[in-house]
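Everything on this sheet refers to the single structure shown next.
Number of protein chains: 2
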Amino acid sequence: MEYFINKIKNLLLLTSEAEDFLYSISKEKVITKGEVLIQQGDVVKKTYFVTDGCLRSFCTDRSGKEHTLQFAIKDWWISDFIAIYNNELATLTVESIKESKVIEFNANELNNIYIKHPEFEAFQRKNLERHMVSLHKRILNQLQLTAQERYDLFLKQYPDIEQYIPNYHIASYLGITQQSLSRIRAEKNN
Amino acid sequence: MEYFINKIKNLLLLTSEAEDFLYSISKEKVITKGEVLIQQGDVVKKTYFVTDGCLRSFCTDRSGKEHTLQFAIKDWWISDFIAIYNNELATLTVESIKESKVIEFNANELNNIYIKHPEFEAFQRKNLERHMVSLHKRILNQLQLTAQERYDLFLKQYPDIEQYIPNYHIASYLGITQQSLSRIRAEKNN
DNA sequence: CGCGACGTTGATTTGCCTCAACGATTGTGG
DNA sequence: CCACAATCGTTGAGGCAAATCAACGTCGCG
Chain A
3 MEYFINKIKN LLLLTSEAED FLYSISKEKV ITKGEVLIQQ GDVVKKTYFV TDGCLRSFCT
63 DRSGKEHTLQ FAIKDWWISD FIAIYNNELA TLTVESIKES KVIEFNANEL NNIYIKHPEF
123 EAFQRKNLER HMVSLHKRIL NQLQLTAQER YDLFLKQYPD IEQYIPNYHI ASYLGITQQS
183 LSRIRAEKNN
Chain B
3 MEYFINKIKN LLLLTSEAED FLYSISKEKV ITKGEVLIQQ GDVVKKTYFV TDGCLRSFCT
63 DRSGKEHTLQ FAIKDWWISD FIAIYNNELA TLTVESIKES KVIEFNANEL NNIYIKHPEF
123 EAFQRKNLER HMVSLHKRIL NQLQLTAQER YDLFLKQYPD IEQYIPNYHI ASYLGITQQS
183 LSRIRAEKNN
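Chains A and B, in that order, give the protein sequences. Read in order, the letters of the first sequence are residues 3 to 192 in my numbering. Read in order, the letters of the second sequence are residues 3 to 192 in my numbering.
Structure below.
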């Protein structure tokens, strides 16, 4: 939590009331591998800020295949933002891929922080800008790169993620099957 | 411009200084069909808010194929946000698809508004949240839907866009070729 | 040990791409 | 006002990348 507070303080002046408020709506948690934080179909009450480890959000389609929307490592937020924004039930599941540390926020109360402590806006805007830009890049990559190229880029973006993420999760992020990714990897080792 | 100012005023109290500032960094423009507002390779100095018509942003890959990142209709911002955020040259081109009305903002000065007039933060945060959610949906659709389903959804999202957007632009947004889209359309009319 | 999780490999199918040719429509200049 | 080119959409034939279906190897663990 200190880490999170310091991140904010690097960007703006945080009153002690705002800091207290942040503490009051959050809770540090250590998450074991495989733990599910948000379950598809449930009401989404929480948003998570990752301080260590790695989580992912994914949806499951009719045929049971999983599609990974996001891997969240240190400094990224994760939740089902679609559900929160539209006030719907979760279409995504959020689970941890390895033992992780997160700060759990009550999503509604986090939404109130802007009214109570407007100085917080700048912090979230910068997170949103960063997030938006990474999504734009992802879409462009998906449109113009081959599966092979997307995989190479993925390894650059998440240099040591391979060691603890199963390949089929990477495949589901890249939009290909586990088997295709395996063949791409085999290709490279020749 | 009044339309834009009123949109803001619906969300927050706008001081007359802030309003003056907005006027000082912006310019209303009528854009003819085909006009290019941002050219790939150039420095990105402007951001646009669309009040009427339709623009699109796209990148051109090595083989010359175009890939549409965004269609911007009324109430949406459009620019090369990747370039602005990373302080790079434009990788995108922004052009109008039909005669449109936009408000052109100096991107740097728009960035200063948060310091000079922090009340503006909430407005932009909401735009960013909306934008982020639509990008999340787009990625999920791309991962789990067939080309056919993506096209159906596109028509629902942009009900009358078909009338003035050439099909090959829609195809380049959906991630398929013009010919494939044509076959999908033929399929439906049987 | 035996089971489950994960990755690989092979055979076949399929959705989409590529290349190519051909209408239909629109706009423009002679 | 017509001829012509340009733009856009369609259709066909063939090929390829990735999906599917299926089997099998390996590792770690209860």
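All residues carry an ideal CB built from backbone N, CA and C; glycine is no exception. No experiment lies behind these values; they were computed from the predicted model shown.
Query                                                                                                               : Result
Contact set between Asp63/B and chain A, taken where Cβ atoms lie within less than 9 angstroms                      : Leu145, Gln146, Leu147
Beta carbon proximity, Pro120/B to chain A, threshold 9 angstroms                                                   : yes
9 angstroms Cβ cutoff, Thr70/B in contact with chain A                                                              : yes
Proximity test, Cβ basis, 9 angstroms: Asn8/B and chain A                                                           : no
Interface residues of the stretch 124-139 of chain B facing chain A [CB-CB below 7 angstroms]                       : Ala124, Gln126, Arg127, Leu130, Glu131, His133, Met134, Val135, Leu137, His138, Lys139
Within chain A, partners of Ile84/B - CB distance below 7 angstroms                                                 : Val135, His138, Lys139
Cross-chain neighbours of Gly66/A in chain B, by beta carbon under 7 angstroms                                      : What Gly66/A touches in chain B: nothing, since even the nearest Cβ is about 11 angstroms away.
Boundaries of the beta strand (DSSP E) in which Lys103/A is found, first to last residue                            : 102-108
The stretch 173-192 of chain A / the stretch 144-158 of chain A touching (three or more Cβ pairs under 8 angstroms) : yes
Contacts of Gly43/B in chain A (Cβ-Cβ under 9 angstroms)                                                            : None at all; the shortest Cβ gap to chain A is about 16 angstroms.
Leu142/B: contacting residues in chain A (beta-carbon distance under 7 angstroms)                                   : Cys61, His69, Leu71
Residue interval of the alpha helix (DSSP H) (run including Phe83/B)                                                : 83-88
When Asp54/A, Gln144/A, Lys158/A are compared against Val32/A, the one with the closest alpha-carbon                : Asp54/A
Closer than 9 angstroms to chain A by CB, Thr93/B                                                                   : yes
Contact with chain B by Asn12/A, beta-carbon distance below 9 angstroms                                             : no
Proximal residues to Met134/B (C-beta, below 7 angstroms), its chain only, five neighbours per side dropped         : none
Residue from His69/B, Asp82/B, Lys9/B, Leu15/B whose Cα sits closest to the Cα of His119/B                          : Leu15/B
Under 9 angstroms from the C-beta of Tyr50/A: neighbouring residues of chain B                                      : The contacting residues do not exist; Tyr50/A stays about 16 angstroms from chain B at best.
Identity of the residues DSSP links to Leu57/A by a beta bridge                                                     : Ala74/A, Ser98/A
Within 9 angstroms, strictly: CB atoms of Phe51/A and Val96/A                                                       : no
Members of the stretch 169-187 of chain A near chain B, C-beta cut-off 8 angstroms                                  : Ser174, Gly177
CB contact flag (Phe156/B, Ile10/B, <9 angstroms)                                                                   : no
Under 9 angstroms by beta carbon: chain A residues contacting Tyr116/B                                              : Glu123, Ala124, Arg127
Within-9 angstroms CB hit, Tyr87/B to chain A                                                                       : yes
Environment of Leu91/A [buried if 16+ CB atoms lie within 10 Å]                                                     : exposed
Of the residues Gln144/A, Phe60/A, Lys48/A, the one placed nearest Asn108/A, counting alpha carbons only            : Lys48/A
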